[in-house]
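Undergrad: When you line the sequence shown up against mature numbering (1 follows the signal peptide of the UniProt record, and there is no 0), it's residues -29 to -1, 1 to 941, in that order.
Let me begin by handing over the structure; questions about it come next.
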Amino acid sequence: MLPNSNSKCPFLLFCCCFFLLLLHKISFACQNTEREALLRFKSTLHDPTCRLCSWQGDNCCQWRHITCRQGISGDVISLNLRNPKSSYDLPLDWKQSALSGEISPSLLSLTQLQHLDLSLNYFNGTPMPYFLGSLKNLMYLNLSNAGFSGVIPHQLGKLDRLMVLDLSALYGQQWVRADDLGWLSGLSSLKYLDLSAANLTSVKNWMEAIVLMPSIEEVRLLECLLVEIPGHVHNLNTSSLSVLEIDYNSFDSILPPWFWALGGLTYLSCIGCGFHGSMIDSILMSVKLVDDGGKTSRFSSDLLARTNLCYLIYMDLSHNSIEGDIAEFFNIVTGCKLGSSLQTLRLGTNRMNGTLSEMVGNMTDLGYLDLSNNFLSGQMPKEIGELKHLQTLDLSNNSIMGHLPVEIGELLNLKFLDISSNLFAGEITERHFEKMDQLRELFLFNNHLIMSVNDAWIPRFQLSYVGLNSCKLGPKFPSWLQRQENVSLLVLSNTSIADILPAWFWKLSSNVITLDLSHNRLTGRLLQSLEFMSKLSTLDLSYNKFTGEIPSILPTSLQRLHLSYNLLSGTLPSKFQASSLAFLLLSNNKLHGSFPTTICNLVSLKVLDLSNNNLSDSLPDCWRTDSQLQILNLGSNQLSGVLPPSIGSLSQLMSFHVNNNYLSGELPQSLQQCSALEVLDIGQNNFAGIIPDWLAERLPRLMILRLRSNMFSGGIPEFAKLDCLQILDLAYNKLAGSIPSTFGNFSLMITADIEGLRCVFGYNGNDYAMPFFGTDVYALSYIETISIVTKRVDREYSKILSLLRSIDMSSNDLSGDIPEEITALAALQNLNLSSNHLTGVIPEKLGNMQSLESLDLSMNNISGNQLQTLDDPSIYTGNANLCGLPVSKDCSSRNSYSGKSSGADDESIEHDHQLFWVYFSSVLGFVIGAWAVFGILFYKTSWRIAYFKFSEDICDRIFLVFTGNSFDGS
C-alpha cells in the first residue's frame, strides 16, 4: 500500500494547485452587471489625465482604482478615484487633473460597494448625488473638495453601516449647505464626520445631533458659518466623542461649560470662534462648584474627575477673547490625581492675564505651549526648566519682565523658542542654551536683552530661523553665528553692531533666504557679486554706513532689496539679473547717473524707491503694459526733461513721486490711464500749462494731490469728484480765478470717519508691508512720506499721514470771495489761502470748524472781522480792512463792517477819514512845536549858552542831593 499511496501524492498535489489557480481566476472575475455599471459611470465623466484609460476588457477587477472582494462572487467593494494632485500643494494641477462631469446612478448596481472616494475632483457645482444613500453597504464616503453644491441630501442618513463621512471643502468655499442635521441620527456606525466649510448657518442644535450618534468619535466643523452654540447639551456623559474641531465659526458667546463635561474628549480645537468671558468661570460652571457662602470652592481631584480636564491631550482656544488668570488655570489642571495629560496647550491671542505660576513645572507632558498675544505679566518661573518634553514655547507679545531664568537651558527637546515683544531685561549667556541641542528657531526680538557670550562659544544647536532684532549684540559682530550653517532667516536689525562684516559671514549667508542687518552701524564695501547667495529672497542692509557701489550681480531668487540710508555711490547697475525682484529700495544714498532702461523690464517690480539721490538726465520712455509697479518714488533727484508718455502703461500704479526735480512740460495725457493712483506728488518742478480736468475725472481714487511750486496757470478744475481727497497742495503756482464752491464736497474732509467709504490706501494704509515665514519678525516696508506746510513750517508726515486733512492754495493769483461752502469741511485741519488776491469777508462759519488747527489768510484783501478762535495775528497780516482782536484795529458794533448796506460802508469810510486828520494834526503840531524851541537855540547863541548853563546847574544840584554834599554856588 505504501507504494500506491506515494504514487498518488503528485497527482493530488497537482489537483490542489489547479484548483487554487482556478479559484484565484474566479475571484477576480467581476460580474457583468457591475462592469457595465462602471462603464456607464465612466461615460459621464471628463478625464483629462486618462486615469480611467485602463477601464476596458472583461475583468473590471483588474482595472485601476477598483478593488473586488476575493472570492467566487468578485463583487466590487472599493472605488477610489481621489485626485492624486493635492489641492493644498498644487491648486492649478489639481484642477487640471480633476475628474468632472456628472455622477451616474449606475453606481447603484455596485450593491456591495463599501468604499467610495471622489475627493479632490471638480464637478463644477452639480448637486451632491442623493442616490448614494441607497448604497446600503457603504462604510467609507469621501466627497470632499469635489465641487459639489446645494443641500446635503438627507438620504445619506440611511447609511447605517457608514463609518467615515467627509463632505468638507477648502476653507472659504461654502459650496454645500444643510438646514438641519437630524439625518445624522441614522448613521449609527459613524465614527468620523467632517463637514468643514459647509454652510450650516441655519442649523439649530447641531451639538445635540452629534452626541446622539452612538459611535461618533471625531467631528470636524471648521468654518461652517455657525453662529449659535447651545448653552446646555443633553447626553454628554454617554457620548463617545473624543475629537471636536469647530475652528473659525462666529459664535460670539461665553465659553460653553459643557466643553469640560464631554467625558471622553481628548482633543478640543476652537480657534477664532469669538468666545469671550472667563475660562475659570466656565470650568466652575461645568461642575457647579458653589459653597454656602456663594463663593467658588476649591477644586479637588475628585471634582476634576467630573470634567475632561484630566484627560485632555490637545486644547487649542487661540484667537478668541477668553479671559482668566493663567496661574489659576495651571493650578486647576495640575490638580488631577495622575497630573495633567495636556501635551498641547494653545491659548494665544486671547485676554489671559496674571503671572506664570511655578505650577507650570508640573505639566510635565507638555510638548507645545503657546500663550502669545495675551496680557501676562510678572516673571518667568525657573520651574519652566522642568518641562523636559517641551518642543515649542511661545510667550511673545506679553508683558513678562525680569531676567530670563537660566533653567530654560534645561529644555533639551526645545525646537522653537519665541519670547519676543516682552519686557525681559538683563544678560543672556551660554547657560541659557546649555542643553538645547534641538533648538531650530530662536526669536528674542523687542526686549531689553544683552547677548553676553564668549567669543569662543560654539553653540550646540543649529538654528534655521534667528530673530534678535533690538537685542544688544554689538559692537562686535557676533562670532557664534559662524558655526550656524543652516540659517534660512537671520534678522539682526537694531542690535548696536558697529563693525565690518567678517569674511566668514558671506559663507554663512549662502543658504540664507531672508537677511536683515538694518539699523546698525555696519561699514565696509558690499561684494559686487551676490550670485552665490542662490536662495536669497530678501536682503535689507538699510540704515547703515556701507560704501562703494550697489552689487552688480544679484541672485535670480532675490525679490526684496533694501539698501536705503547708506553711503553708496556710483551709478545704478546697467542690468538687474533678479527678474523676480518685487521691492527695490535704494533711497537716501549718493547714487548718480541716469535712470537705466533695464529697470523697466522688471515686470514683477511692485515698489521702486530711488528718492533722495543725485540721479540726472531725463526719464526713459520704456515702461511696459505688463508691469506690476504700484509705488514709484523718484523724488529729490536732479531729473530733467518731461514725463515720458509710457508712464501711462503703469495701470497698477498707486503712488507716484517725482517731486523736487527739474522736470518740465505739461502733464502727459497718458497719465490719466493710471486710474489706480492714490498719491500724486509732482511738486517743486517746472511743470507748466493748465491743470487738466481729467485729474478729477480719470483718477477718482486720488487721496493726495501735490502740485506745489510749479508754473501751472489758469483756473482750478472741479475737483469735487475726488471723494477721497484728503490732501490738496496747489501752492506757489500761477493759478487765477476763484476758489470753486464745490470744494465743500470733499467727503474725506467733511468727516474723519471713513467707515462706509471706499477711501483707504490700497497698500495697507501708508505702509506697504509684506510679512513672511508666518511671523512678523521681519516685514520689509515702504512708508509713504509727504511734505506739508502747516503753521508756516515745512514738515514731513508719514506714520500719521492717513489721519491728516489739508488744503494749501497759497501764493497764487486767486481772487474773489472765500466760498461759504468750504466751511462744511469739518475734518479739515490745515487751510492756507495766503498771498492771493482774495476779497470779501471771512465766512462766519469758518470759526465752527472744530478740527482746524492751522489757518493762514494773510496777504489778501479780506475785510471785516477775523476769527476769534485762532489768535495768531500773523495769519491775518496784509489785510488792511480786517479789524478786531488779535489785530490792533478796533471794530465797534456800530462801525464794524457787515457788508449789508451801502450806508454802513459810507459811515465806515467817513470815520476812517476823521481818524486820519486827527492823527495828521497831532503829528504836525508836535513837529512845529519842537522846531520852535530847537530853532531859537540853534540861531540865538546867548540863549543857547544860558540854556546849557541852566541845564548843568540842575544836573549838579541833583547830583549833590544824592551824594549828600552842599552846594556853594561856584
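Glycine included, C-beta positions come from ideal geometry on N, C-alpha and C.
Please read all numbers here as calculations on a predicted model, not as lab measurements.
Relative to the ligand NAP, is the shortest distance from any of its heavy atoms to the C-beta of Leu197 smaller than 7 Å?
TA: Questions concerning the ligand NAP fall outside what the structure shown contains, since it holds no ligand whatsoever.
Undergrad: When the Cα of Gly245 is compared with those of Gly234, Gln530, Asp218, Leu255, which residue comes out closest?
TA: Taking the sequence shown and counting its residues from 1, one reaches residue 245 at position 274. The residue with the shortest Cα to Cα distance from Gly245 is Asp218.
Undergrad: Within 10 angstroms of its Cβ, does Asn3 collect 16 or more other Cβ (buried), or is it exposed?
TA: The residue labelled residue 3 in the question sits at position 32 within the sequence shown. By the neighbour-count rule (16 or more Cβ atoms within 10 Å), Asn3 is not buried but exposed.
Undergrad: Could you check the C-alpha separation between Arg595 and Phe627 for me, to the nearest Å?
TA: Stepping through the sequence shown from its first residue, residue 595 is reached at position 624. Stepping through the sequence shown from its first residue, residue 627 is reached at position 656. Their backbone Cα atoms lie some 16 Å apart in a straight line.
Undergrad: Could you have a look at Cys307 and say whether DSSP puts it in helix, strand or coil?
TA: As a first step, residue 307 must be located in the sequence shown, where it is residue number 336. Looking at Cys307 - three-state DSSP - the assignment turns out to be coil, as it is neither helix nor strand.
Undergrad: Within 10 angstroms of the Cβ of Ile929, are there 16 or more other Cβ atoms? Answer buried if so, exposed if not.
TA: Counting from one through the sequence shown, the residue named residue 929 turns up at place 958. Its Cβ having fewer than 16 others within 10 Å, Ile929 is exposed.
Undergrad: For Pro100, collect the residues of the same chain with a Cβ closer than 6 Å to its Cβ; drop the 5 residues on either side in sequence, then sort them by chain order.
TA: As a working note, residue 100 is residue 129 in the sequence shown. Closer than 6 Å at Cβ, skipping near neighbours: Ile74.
Undergrad: Does the beta-carbon of Phe897 have 16 or more other beta-carbons within 10 angstroms, so that it is buried, or is it exposed?
TA: The sequence position of residue 897 within the sequence shown is 926, counting from 1. Counting Cβ neighbours within 10 Å, Phe897 comes out exposed, since fewer than 16 surround it.
Undergrad: Please confirm whether Met720 and Gln697 have their CB atoms less than 8 Å apart.
TA: Indexing the sequence shown from 1 puts residue 720 at position 749. Indexing the sequence shown from 1 puts residue 697 at position 726. Cβ atoms of Met720 and Gln697: closer than 8 Å.
Undergrad: Identify the continuous alpha helix (DSSP H) that holds Met720 and give its terminal residues.
TA: Counted from its first residue, the sequence shown places residue 720 at position 749. Counting along the chain, the alpha helix (DSSP H) containing Met720 begins and ends at 718 to 721.
Undergrad: Would you report the Cα separation of Lys107 and Ser120, rounded to the nearest angstrom?
TA: Locating residue 107 in the sequence shown gives position 136, where the first residue counts as 1. Locating residue 120 in the sequence shown gives position 149, where the first residue counts as 1. If you take the alpha carbons of Lys107 and Ser120, they lie about 23 Å apart.
Undergrad: Bridge partners for Val650 per DSSP, in chain order?
TA: Locating residue 650 in the sequence shown gives position 679, where the first residue counts as 1. Val650 pairs with Ser626, Ile675.
Undergrad: Should Thr15 go down as buried or exposed, given a rule of 16 or more other Cβ atoms within 10 Å for buried?
TA: Residue 15 sits at position 44 when you count from the first residue of the sequence shown. Label assigned to Thr15: exposed.
Undergrad: Could you please give the first and the last residue of the uninterrupted beta strand (DSSP E) stretch that includes Met286?
TA: Residue mapping note: residue 286 aligns to position 315 of the sequence shown, counting from 1. From DSSP, the beta strand (DSSP E) with Met286 extends over 285 to 287.
Undergrad: Is the stretch 786 to 795 touching the stretch 753 to 767, taking contact as three or more C-beta pairs under 8 Å?
TA: The answer is no - the stretch 753 to 767 does not touch the stretch 786 to 795, with fewer than three Cβ pairs under 8 Å.
Undergrad: State the CB to CB distance for the pair Val574 and Gln599, rounded to an integer number of angstroms; the pair is presumed to be in contact (CB under 8 Å).
TA: Numbered from its first residue, the sequence shown carries residue 574 at position 603. Numbered from its first residue, the sequence shown carries residue 599 at position 628. Their Cβ separation, rounded to whole angstroms, is 6 Å, which keeps Val574 and Gln599 in contact under 8 Å.
Undergrad: I need the straight-line Cα distance from Asn324 to Leu463, nearest angstrom please.
TA: On the sequence shown, residue 324 is found 353 positions in, with the first residue counted as 1. On the sequence shown, residue 463 is found 492 positions in, with the first residue counted as 1. If I take the Cα positions, the gap works out to 30 Å.
Undergrad: Using the three-state DSSP reduction, which class does His247 fall into: helix, strand or coil?
TA: Counting from one through the sequence shown, the residue named residue 247 turns up at place 276. Looking at His247 - three-state DSSP - the assignment turns out to be strand.
Undergrad: Select from Asn393, Leu375, Leu525, Thr527 the residue whose C-alpha is nearest the C-alpha of Leu342.
TA: As a first step, residue 342 must be located in the sequence shown, where it is residue number 371. Closest by alpha carbon: Asn393.
Undergrad: Check for me: the alpha helix (DSSP H) holding Lys705 runs from which residue to which?
TA: Along the sequence shown, one-based indexing puts residue 705 at 734. It is not in any alpha helix (DSSP H) - Lys705 instead sits in the beta strand (DSSP E) that spans 705 to 708.
Undergrad: Mind listing, in chain order, the continuous beta strand (DSSP E) runs of no fewer than 3 residues lying wholly within the stretch 80 to 135?
TA: Entirely contained in the stretch 80 to 135, the beta strand (DSSP E) runs reaching 3 residues are, in chain order, 86 to 88, 111 to 113.
Undergrad: I'd like to know if the stretch 178 to 194 and the stretch 122 to 132 are in contact, where contact means that at least 3 CB-CB pairs between them fall below 8 Å.
TA: No: fewer than three Cβ pairs fall under 8 Å.
Undergrad: Measure from the alpha carbon of Asp131 to the alpha carbon of each residue in Arg6, Gly104, Val650, Asn803, then state which is nearest.
TA: Translated into the one-based positions of the sequence shown, residue 131 becomes position 160. Cα-wise, what sits closest to Asp131 is Gly104.
Undergrad: Where does Thr494 fall in DSSP's three states?
TA: One-based indexing of the sequence shown puts residue 494 at position 523. DSSP places Thr494 in strand when its eight states are reduced to three.
Undergrad: Taking the alpha carbon of Ser635 as the point to measure from, which residue in Gln623, Ala659, Cys645 has its own alpha carbon closest?
TA: Along the sequence shown, one-based indexing puts residue 635 at 664. Selected option, being the one with the closest Cα: Ala659.
Undergrad: Just to confirm, are Leu809 and Leu826 a CB contact at a threshold of 8 Å?
TA: The residue labelled residue 809 in the question sits at position 838 within the sequence shown. The residue labelled residue 826 in the question sits at position 855 within the sequence shown. No, they are not a contact pair.
Undergrad: Need the endpoints of the beta strand (DSSP E) that Ser14 sits in, please.
TA: As a first step, residue 14 is located in the sequence shown; it is residue number 43 there, counting from the start. From DSSP, Ser14 is part of no beta strand (DSSP E) but of the alpha helix (DSSP H) over 3 to 14.
Undergrad: With a CB to CB cut of under 8 Å and the five nearest residues on each side skipped, what residues in its chain are close to Asn491?
TA: Translated into positions along the sequence shown, residue 491 becomes position 520. Here the set comprises Gly445, Leu463, Ser464, Asn465, Thr466, Ser467, Ile468, Ala469, Tyr514, Asn515.
Undergrad: So for Asp924, helix, strand or coil by DSSP?
TA: Taking the sequence shown and counting its residues from 1, one reaches residue 924 at position 953. Of the three classes helix, strand and coil, the one that applies to Asp924 here is helix, per DSSP.
Undergrad: Within a Cβ cutoff of 7 Å, which residues of the same chain sit near Val437, ignoring the five residues on either side of it in sequence?
TA: Along the sequence shown, read from residue 1 onward, the residue named residue 437 stands at position 466. Cβ neighbours of Val437 beyond the five flanking positions: Leu413, Val458, Leu460, Leu461, Val462.
Undergrad: Going by C-alpha to C-alpha distance, which of Ser249, Ile284, Leu81 sits closest to Asp296?
TA: Stepping through the sequence shown from its first residue, residue 296 is reached at position 325. Of the candidates Ser249, Ile284, Leu81, the one whose C-alpha sits nearest the C-alpha of Asp296 is Ser249.
Undergrad: Could you compute how far the alpha carbon of Met351 sits from the alpha carbon of Gly397?
TA: Taking the sequence shown and counting its residues from 1, the one referred to as residue 351 is at position 380. Taking the sequence shown and counting its residues from 1, the one referred to as residue 397 is at position 426. For Met351 and Gly397, the distance between alpha carbons rounds to 13 Å.
Undergrad: Keeping to the same chain, check which residues put their C-beta closer than 6 Å to that of Asn92; ignore five residues upstream and five downstream.
TA: Position 121 of the sequence shown, counted from the start, is the residue given in the question as residue 92. Here the set comprises Asn54, Ala69, Leu70, Ala117.
Undergrad: Name, in chain order, the residues that DSSP records as bridge partners for Ser769.
TA: Here residue 769 is taken as the residue at index 798 of the sequence shown, counted from 1. Answer by DSSP bridge pairing: none, since Ser769 is not bridged.
Undergrad: I'd like the span of the beta strand (DSSP E) that includes residue 944, first residue to last.
TA: With the chain running from -29 to 941 in the structure shown, residue 944 is simply not present.
Undergrad: Rounded to a whole number of angstroms, what is the C-alpha to C-alpha distance between Asp511 and Ser565?
TA: In the sequence shown, the residue the question calls residue 511 occupies position 540. In the sequence shown, the residue the question calls residue 565 occupies position 594. Going from the Cα of Asp511 to the Cα of Ser565 covers about 24 Å.
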